[in-house]
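Novice: I'd like to ask you about the structure that follows.
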């Protein structure tokens, strides 16, 4: 007969949850290793959060020039998309019918 596994105490459960939040388990050469998780804000990696929410002044103050350059390129692309307006398709038959109604 095997020994029964005991239940974890509330303190042990809390410690286990804390460890799972702080570390993640990976496999290296067939062995499990525990490594620290990448820090996140609202479940998003910190770099991605900064990229989404930072304004150019903050990027400049914190010397994040690469991010600032990317931000400027994104702004230019958005402006080009807004400026581009395709010409409306012309229906020559409809235009000819409209011309027939003109008195001159």
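Residue numbers (this note's numbering): 123 to 226. The C-beta atom is built at its ideal place from N, Cα and C for all residues, glycine as well.
#1: Inspect the beta-carbon positions of residue 158 and residue 144 and report whether they are closer than 9 angstroms.
#2: Under 8 angstroms: do the region 147–155 and the region 163–181 share three or more Cβ pairs, one atom per stretch?
#3: How big is the Cα-Cα spacing for residue 132 and residue 139?
#4: Are the CB atoms of residue 196 and residue 176 nearer to each other than 9 angstroms?
#5: Between 134, 193 and 183, which lies nearest to residue 174 when the distance is taken from Cα to Cα?
#6: Taking only runs that begin and end inside the region 138–206, name each unbroken beta strand (DSSP E) of 3 or more residues, in chain order.
#7: In the structure shown, what three-state DSSP assignment does residue 127 receive?
#8: What residues in its chain sit with their C-beta under 7 angstroms from that of residue 148, if we drop five residues either side in the sequence?
#9: Please report how far the alpha carbon of residue 135 lies from the alpha carbon of residue 200, in whole angstroms.
Specialist: The short version:
#1: In this structure, the beta-carbon distance from residue 158 to residue 144 falls below 9 angstroms.
#2: Contact between the region 147–155 and the region 163–181 is absent, with fewer than three C-beta pairs closer than 8 angstroms.
#3: In a straight line, the C-alpha of residue 132 is about 11 angstroms away from that of residue 139.
#4: Taking 9 angstroms as the Cβ cut-off, residue 196 and residue 176 do not qualify as a contacting pair.
#5: Comparing Cα-Cα distances from residue 174 to each of 134, 193 and 183, the minimum goes to 193.
#6: Listed in chain order, the beta strand (DSSP E) elements of length 3 or more contained wholly in the region 138–206 are 145–150 and 153–158.
#7: It is coil, neither helix nor strand.
#8: Beyond the five residues adjoining it in sequence on each side, residue 148 comes within less than 7 angstroms, by CB distance, of 155 and 157 in the same chain, given in chain order.
#9: If you draw a straight line from the Cα of residue 135 to the Cα of residue 200, it is about 49 angstroms long.
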